[in-house]
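What follows is a short report on a single structure.
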Amino acid sequence: MGGASGAKGHHRLVWAPNPKEGFVLGYLDDLGASKMTVKPVDGGGPIIVNYDEVCPAETNREHDVDDNCALMYLNEGTLLNNCRLRYNRQQIYTYVANILISINPYEQIPGLYTRSTIEKYKGKSLGTLPPHIFAIADNAYRDMKRSQLSQSIIVSGESGAGKTESQKYILKYLCESWGESAGLIEQRILETNPILEAFGNAKTLRNNNSSRFGKFVEVHFDSKLTVAGGHVSHYLLEKSRLCRQQSGERSFHVFYQLIAGASPSMINDLKLMPTDSFNYLRNGCSEFFADSTSKALISKKWSNSKFSGLQDDIVDDHNDFIRLQKSLFDIGFEKKEVDSIFQIIAAILHLGNIYFVENDEDCKQGNSHTGGCVVHPSSMQSMQVAATLLGLENDELQRGLVSRIMQPKFGSEVTTIIRVPLKPQEASAARDALAKAIYSRLFDAIVAQINKCIPFGDSVNCIGVLDIAGFEFFERNTFEQLCINYCNEKLQRFFNDRILRHEQNLYEKEKLNVKKIEYNDNTTCIELFENSPYGIWAILDEEARLPKPSAENFTRTLLQHLSSNKCFDKPRKSKVREHREMRDDEGFLVRHYAGAVCYETAEFLEKNNDALHVSLEVVMEKSR
Numbered sequence: 220m221g222g223a224s225g226a227k228g229h230h231r232l233v234w235a236p237n238p239k240e241g242f243v244l245g246y247l248d249d250l251g252a253s254k255m256t257v258k259p260v261d262g263g264g265p266i267i268v269n270y271d272e273v274c275p276a277e278t279n280r281e282h283d284v285d286d287n288c289a290l291m292y293l294n295e296g297t298l299l300n301n302c303r304l305r306y307n308r309q310q311i312y313t314y315v316a317n318i319l320i321s322i323n324p325y326e327q328i329p330g331l332y333t334r335s336t337i338e339k340y341k342g343k344s345l346g347t348l349p350p351h352i353f354a355i356a357d358n359a360y361r362d363m364k365r366s367q368l369s370q371s372i373i374v375s376g377e378s379g380a381g382k383t384e385s386q387k388y389i390l391k392y393l394c395e396s397w398g399e400s401a402g403l404i405e406q407r408i409l410e411t412n413p414i415l416e417a418f419g420n421a422k423t424l425r426n427n428n429s430s431r432f433g434k435f436v437e438v439h440f441d442s443k444l445t446v447a448g449g450h451v452s453h454y455l456l457e458k459s460r461l462c463r464q465q466s467g468e469r470s471f472h473v474f475y476q477l478i479a480g481a482s483p484s485m486i487n488d489l490k491l492m493p494t495d496s497f498n499y500l501r502n503g504c505s506e507f508f509a510d511s512t513s514k515a516l517i518s519k520k521w522s523n524s525k526f527s528g529l530q531d532d533i534v535d536d537h538n539d540f541i542r543l544q545k546s547l548f549d550i551g552f553e554k555k556e557v558d559s560i561f562q563i564i565a566a567i568l569h570l571g572n573i574y575f576v577e578n579d580e581d582c583k584q585g586n587s588h589t590g591g592c593v594v595h596p597s598s599m600q601s602m603q604v605a606a607t608l609l610g611l612e613n614d615e616l617q618r619g620l621v622s623r624i625m626q627p628k629f630g631s632e633v634t635t636i637i638r639v640p641l642k643p644q645e646a647s648a649a650r651d652a653l654a655k656a657i658y659s660r661l662f663d664a665i666v667a668q669i670n671k672c673i674p675f676g677d678s679v680n681c682i683g684v685l686d687i688a689g690f691e692f693f694e695r696n697t698f699e700q701l702c703i704n705y706c707n708e709k710l711q712r713f714f715n716d717r718i719l720r721h722e723q724n725l726y727e728k729e730k731l732n733v734k735k736i737e738y739n740d741n742t743t744c745i746e747l748f749e750n751s752p753y754g755i756w757a758i759l760d761e762e763a764r765l766p767k768p769s770a771e772n773f774t775r776t777l778l779q780h781l782s783s784n785k786c787f788d789k790p791r792k793s794k795v796r797e798h799r800e801m802r803d804d805e806g807f808l809v810r811h812y813a814g815a816v817c818y819e820t821a822e823f824l825e826k827n828n829d830a831l832h833v834s835l836e837v838v839m840e841k842s843r
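Just so you know, we're using my numbering here: the sequence shown kicks off at 220 and counts up by one.
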């Protein structure tokens with residue numbers, strides 16, 4: 220810290236690092252040759268730190284500013300304190316120049332997003348009014364109008380930071396400010412939110428409404444600069460969540476919404492049961508989100524099932540199902556199509572209740588080595604229901620699940636089709652692969668219908684809003700977390716390039732005497748993923764091509780070729796005890812810009828391949 224030496228530095232207010240609070244405010248109490256002692260203002264023992272670890276503090280520690288750039292001393296300590304002061308005063312937004320920091324309040328703040336608030340920010344320059352997400356949306360619109368170029372707004376942050384809600388408010392502002400009054404296109408763009416959340420969001424340990432996919436939503440404008448249409452692109456749907464979830468987490472909202480909100484006739488037609496009766500739902504949290512009214516309605520519907528109920532201001536499974544149905548109709552789905560969607564959702568649940576056992580006939584005939592299996596007798600009803608809901612013959616679906624077809628080639632000659640029996644665990648994997656493929660294609664079809672109903676034929680420019688899953692670090696991290704965190708690394712590098720490196724190059728070009736900004740360059744971490752032939756992605760693809768790929772061999776290959784990269788290490792180097800207990804061939808550690816994460820590799824190959832047997836593809840083509 221410049222100027223923090225000598226006797227006159229005594230009793231100066233500074234921010235000292237603290238592992239729990241980030242920084243604590245204190246007075247310089249003693250200055251040594253290389254270290255200083257800081258006495259916390261709120262009591263506690265003295266803190267001995269290096270000179271370069273402390274940050275100067277503002278004189279008035281209770282005064283906050285709209286823009287962190289207005290602070291006399293702009294550093295991590297003062298920035299965090301300013302945001303904390305504002306958050307405690309229900310001012311959740313703070314600027315850093317033209318960047319908006321948003322802190323999730325986990326509650327509705329009265330008056331913050333009303334129609335009158337929208338009107339107040341319309342056409343106002345950034346900084347003339349208190350910080351707000353509406354100001355960012357309006358600034359993007361005015362930049363598009365002035366430059367006649369399309370604009371993008373990137374919503375980034377950790378899981379649970381409130382990115383999805385922020386995107387919804389941006390869309391709300393653009394559609395209500397620059398669309399026709401009660402226009403059909405604007406209404407449909409906003410109606411996409413409950414649909415995408417139902418099919419793409421889920422409860423995680425950190426967030427009750429976590430986006431389990433990435434999306435880029437475009438609002439298109441015509442030559443008059445009014446809303447002309449929209450488009451949704453989606454990425455990285457977390458299909459594996461369909462079949463299993465961590466303890467305390469849920470599958471996608473739509474499964475719980477259907478069971479909570481279905482009418483008696485739907486329950487009968489779809490053969491619905493309480494959530495804990497479905498294998499795909501009971502492994503995680505099988506509870507509903509419900510207020511007192513919804514809880515009473517659900518309890519009456521499922522009188523034999525007891526549940527305590529989860530509470531959330533945003534998520535309510537019973538009411539959300541009613542809203543979902545309305546939104547599906549509003550964006551152009553016919554009743555028959557909506558019924559088919561819920562048939563598919565129910566069919567997936569019944570698929571998950573199908574179990575397999577070894578074929579007794581094979582064992583009796585001494586052919587147990589063939590590994591054949593059959594559907595467990597207790598699962599036959601689930602099999603029949605799943606087949607009926609999918610519009611398939613029971614026998615055909617059964618055959619597709621317990622065997623796969625091969626068509627060997629000898630030279631250019633195609634031989635007779637061979638049907639290979641599957642072992643019980645292989646049939647279970649085929650069942651899960653089918654469920655994930657069905658759900659993924661349903662999600663694709665729903666997004667395609669959304670785009671069909673908000674065409675942008677007269678578009679001149681657009682404003683795009685990117686919302687991807689935030690950086691994730693759980694007790695158990697696997698392939699999905701690796702993909703999500705890789706995306707966030709790329710996003711961080713984009714930020715570094717556009718906000719930091721680009722600005723510094725501009726200063727140098729104009730010969731401005733500005734102190735060079737030091738920042739963590741994450742290029743080395745991205746190279747860890749992208750290098751060829753020895754990057755994580757290249758090694759994973761190479762392992763998948765082997766005749767007998769294995770997670771252990773994949774992990775050993777990573778250790779062999781990537782150990783020299785400072786961002787890569789063995790699990791034993793993790794700060795988490797459970798991760799340190801992993802063997803070297805069970806996982807690896809990556810030092811990301813947001814922290815070190817240890818990944819388990821057991822399911823990497825399966826999830827990266829995500830293949831569906833040809834026999835099941837053939838069966839599904841016969842669906843009516």
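Glycine included, each C-beta is placed from N, C-alpha and C at the ideal position.
As DSSP reads the structure, W234 sits in a beta bridge with L244, C274. Residue state for I373 is assigned as strand, using DSSP reduced to three classes. Straight through space, the alpha carbons of G381 and N412 are spaced by roughly 14 Å. Under the DSSP assignment, E437 falls in the beta strand (DSSP E) whose first and last residues are 433-440.
Only buried fits H832, as 16 or more other CB atoms lie within 10 angstroms of its CB. Nearest in C-alpha terms to R717, of all of L835, Y314, I318, is I318. Taking each of L232, E699, N287, G296 in turn and checking the Cα distance to P238, the smallest one comes out for G296. Taking a C-beta distance under 8 Å as the contact criterion, C302 and I328 do not qualify as a contact pair.
Between the alpha carbons of P766 and T512 lies a gap of roughly 57 Å. Cβ neighbours of D651 within its own chain (closer than 7 Å, five residues either side excluded): C462. Given a length threshold of 4 residues, each whole run of the alpha helix (DSSP H) inside the region 731-818 is given here in chain order: 742-749, 755-763, 770-781, 796-799.
The alpha helix (DSSP H) runs of length 4 or more contained entirely in the region 410-489 are, from start to end of the chain, 472-480, 483-489. Cβ atoms of T313 and N287 come within 8 Å of each other, at about 6 Å.
Apart from the 5 residues on each side of it in sequence, N613 sits with its Cβ closer than 7 Å to the Cβ of M602, Q603, A606 in its chain, given in chain order. Closest by C-alpha distance to E405, out of L415, I414, Y392, is Y392. When beta bridges are read from the DSSP output, V684 appears opposite I372, V436.
Shown here, K254 sits in a strand according to DSSP, grouped into three states. The residues I408, V436, E437, V438, H439, I673, F675, in chain order, have a CB closer than 7 Å to that of G449 in the same chain once the five nearest residues on each side in sequence are set aside.
Just so you know, the alpha carbons of F692 and L244 end up roughly 29 Å apart. Residue pairing by DSSP places L529 opposite F508 in a beta bridge. In the same chain as R542, and ignoring 5 residues on each side of it, the C-beta atoms closer than 8 Å to its own belong to P413, in chain order. In the displayed model, E577 falls within a strand according to three-state DSSP.
Annotation: the continuous alpha helix (DSSP H) that includes S366 extends over 352-366.
Under DSSP, the beta-bridge partners assigned to S622 are P640. In this structure, the CA atom of F575 is about 21 Å from the CA atom of I637.
Here L491 is buried: its Cβ has 16 or more other Cβ atoms, across all protein chains shown, within 10 Å. With fewer than 16 other beta carbons inside 10 angstroms of its own, K735 counts as exposed. When only Cα atoms are considered, K434 and E699 end up about 16 Å apart. Rounded to the nearest angstrom, the gap between the Cα atoms of S647 and K671 is 36 Å.
Distances from the alpha-carbon of R425 to those of M363, A688, G251, R501 put A688 closest. D362 sits away from K343, with the two beta carbons spaced by 8 Å or more. Close CB contacts of R799 within its chain, under the 6 Å cut and outside five residues either way in sequence, are with R791, S793 (chain order). Nearest in C-alpha terms to G806, of all of A813, L824, T347, is L824. In the DSSP assignment, N301 falls within the alpha helix (DSSP H) that extends over 295-307. Secondary structure at P674: coil, using DSSP grouped into helix, strand and coil. In summary, G480 is buried, with 16 or more beta-carbon neighbours lying within 10 Å of its beta-carbon over all protein chains present.
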